[in-house]
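In our numbering, the protein residues as written are 1284 to 1361.
Below is one structure; the comments refer to it alone.
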């Protein structure tokens, strides 16, 4: 197996949003749930929050890290 998996930053995660699609705003090849996905990007100035991306309509939002968002791992450098 591979050991270089990581969470994408918010810009990487938003890069797979397809704004020409609607509900969900993502190419079906990604087989994503339409709800929130965590990024590795912490919201500053409050480290209790992080940035996430929702694929229902392609929103980017900050939310409490205590919420149960999905994750999508990526490999390689940001």
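Even for Gly, the Cβ is constructed at its ideal location relative to N, Cα and C.
- Of the candidates 1291, 1292 and 1310, 1310 places its Cα closest to the Cα of residue 1300.
- Residue pairing by DSSP places residue 1292 in no beta bridge whatsoever.
- It is roughly 27 Å from the alpha-carbon of residue 1337 to the alpha-carbon of residue 1286.
- No residue range can be given for residue 1360, since it is assigned to no beta strand (DSSP E) and is classified by DSSP as neither H nor E.
- The beta carbon of residue 1358 sits closer than 8 Å to the beta carbons of 1285, 1287, 1288 and 1289 from its chain, once the five residues preceding and following it are set aside; these are given in chain order.
- Annotation for residue 1321: the continuous beta strand (DSSP E) segment containing it runs 1319 to 1325.
- Taking all protein chains in view, the Cβ of residue 1354 is surrounded by fewer than 16 other Cβ atoms within 10 Å, so the residue is classified as exposed.
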